[in-house]
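Novice: Residue numbering for the sequence shown follows the UniProt record's numbering, starting at 1 and increasing by one per position.
From the three backbone atoms N, C-alpha and C, an ideal C-beta is built for every residue, glycine too.
Sharing a structure here in structure tokens format.
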Amino acid sequence: MGELLTITNILIIMTLIVNVITLIVVVMHIKNSEEKKESVIETVVPPLTPSTTSNEIGVVFCRSCNKPYDSTLTICPDCKESRS
């Protein structure tokens, strides 16, 4: 009976060691994945700024009458149709 108790104790100790090793591996994996998430967040590209093409002077064509007019105007001078 004394030998059975010793074998049982050895198995319990081995089980505890395996559990501790598993816990350490899981914690390290979680820390690594958090570091990867932080590095991804740091490398996010800022949003693009709108181009200034809408503020440039040029010629646009009316959607209703198809006549050209100055791009600085918001309404067609011929048919009074809005650009938007």
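1) What number of angstroms, rounded off, separates the C-alpha of proline 77 from the C-alpha of glutamate 34?
2) Who are valine 26's beta bridge partners in DSSP?
3) Grouping DSSP H, G and I as helix and E and B as strand, with all else coil, what is isoleucine 57?
4) Take isoleucine 57 and list the residues in its own chain whose beta-carbon comes closer than 8 angstroms to its own, dropping the five residues that flank it on each side.
Specialist: The structure says:
1) As a working mapping, residue 77 is identified with position 77 in the sequence shown. As a working mapping, residue 34 is identified with position 34 in the sequence shown. Distance between the alpha carbons of proline 77 and glutamate 34 is about 59 angstroms.
2) Residue mapping note: residue 26 aligns to position 26 of the sequence shown, counting from 1. According to DSSP, which records beta bridges pairwise, valine 26 is partnered with nothing at all.
3) Numbered from 1 along the sequence shown, position 57 holds the residue referred to as residue 57. Residue state, collapsed to three classes: coil.
4) Stepping through the sequence shown from its first residue, residue 57 is reached at position 57. Taken in chain order, the residues that qualify are Asp70, Ser71, Thr72.
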